[in-house]
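As structure tokens, the structure follows; a few thoughts come after it.
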Amino acid sequence: MNQDELKKAVGTKSVDYFKSNSVVGLGTGSTVYYMIEELGRRLKNGELENIVAVTTSSRSEKQAQELGIQTKDLNEVDHIDLTIDGADQIDKNGQGIKGGGGAHLLEKMVATNSNRNLWIVDKSKMADKLGSFPLPTEVIPFGSEKTFNDLQKEGLNPEFRLNEDGSRFLTHNKNYIIDLKIGTINHPHLLADWLDHQVGIVAHGLFLDIVNTIIVGYEDGPKVIDNIR
Ligand code: 5RP
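Set out below in structure tokens:
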């Protein structure tokens, strides 16, 4: 199985966790793509019914709406039962890095407003410790060179994320992404706490103590890691 087939297998399996008559959160990314396709299929054939979805990007919203999935804004729902999202790296304690697609601000808002969170990844995303995947931060353009300098002074190896044409990548909210090429993160909670207190940073990609269930794609089939918290 190639990586794409592993993503498809976990994306498809994860839809077993959605229930009829519920509000669900839909993440963003190439693994989530398969989950949304399968959700659309099961709604169409009646295996699932009466589902309202809160999406985390215009990409996922468009895909969901094209499949006839009812979408609502986060402000329009009073709770989310379960959110299914991808991740860029997950450590052995179920802590994660997200934001490879630059959607981590909306993803974090949807995740923290969800009763349960499930992540779907292929086996390449699992690591002993976080950090070999660069940690994304979303920063407001105002004063962003100052924010960059503060990150540099802290030894966090910042790099503005660029588009192919060399322009700065812009998020949904027209902010920049600064990726931190830190290497092994030994104390994720301390780092998250420091980043949370930097005024120009709107959100960082450390998703700590959030996920409840992970489905990991292996050649011999998806493996479910449950009861993480
Ligand atoms: C986007 C994310 C994605 O969930 C993460 O990048 C995983 O994406 P993919 O399934 O394409 O590997 O955090 O901001």
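When we follow this note's numbering, the leftmost residue of the sequence shown carries the number 9, and every step to the right adds one. No residue lacks a Cβ here, since even glycine has one placed at the ideal position from N, Cα and C.
| said: By alpha-carbon positions, which one of T192, E172, L164 and D96 ends up nearest to I186? | reply: L164
| task | Using the Cα positions of R81 and R49, report the straight-line distance between them to the nearest angstrom. | result | Reading off the sequence shown, one finds Asp at residue 81, where the question assumed Arg. The straight-line gap from Cα to Cα measures roughly 22 Å.
| message | The beta strand (DSSP E) that contains G225, what's its start and end? | response | T221 to Y226
| request: Confirm the yes/no value for this check: CB of T120, any heavy atom of the ligand 5RP, distance under 6 Å. | output: no
| query | Tell me which same chain residues have a C-beta within less than 8 Å of the C-beta of R169, skipping the five on either side of it? | reply | G110, P144, R176, F177, Y184, I185, I186 and D187
| task | Could you tell me if F150 is buried or exposed, where buried requires 16 or more neighbouring beta carbons within 10 angstroms of its beta carbon? | result | exposed
| field | Assigned secondary structure, L90 (DSSP; H/G/I helix, E/B strand, else coil) | value | strand
| request: May I have the straight-line CA-CA distance separating I209 from T155, to the nearest angstrom? | output: 8 Å
| query | Just how far apart, CA to CA, sit L51 and D234? | reply | 25 Å
| said: On the criterion of 16 or more Cβ atoms from any shown chain inside 10 Å, does G139 qualify as buried, or is it exposed? | reply: buried
| field | the ligand 5RP heavy atom lying under 6 Å from the CB of G107 | value | yes
| query | With respect to the alpha helix (DSSP H) encompassing T179, which residues constitute its N-terminal and C-terminal limits? | reply | Element bounds for T179: n/a, residue is neither H nor E.
| message | Going by DSSP in three states, F168 sits in which element: helix, strand or coil? | response | strand
| message | Just to confirm, is the Cβ distance from T36 to K15 under 7 Å? | response | no
| query | DSSP puts G104 in a beta bridge; with which residues? | reply | I98 and F215
| task | Please name the residue in G54, D86, A211 and T64 whose C-alpha comes closest to that of I92. | result | T64
| Does the separation of the CB atoms of K100 and P230 fall below 7 Å? | no
| task | Taking 8 Å as the threshold, find out whether the stretch 210-229 comes into contact with the stretch 112-129 through three or more Cβ pairs. | result | yes
| task | Compute the Euclidean distance between the alpha carbons of Q71 and T120, then round it to the nearest angstrom. | result | 23 Å
| query | What is the C-beta distance between I59 and V32, in whole angstroms, given that I count them as a contact (C-beta under 8 Å)? | reply | 6 Å
| said: Within the continuous alpha helix (DSSP H) that includes R237, where are the two ends? | reply: Looking at the DSSP string, R237 is not in any alpha helix (DSSP H), and its letter there is neither H nor E.
| request: Name, in chain order, the residues that DSSP records as bridge partners for L34. | output: T63 and I92
| field | S122 - DSSP class collapsed to helix/strand/coil | value | strand
| task | List the endpoints of the continuous beta strand (DSSP E) containing L143. | result | L143 to V147
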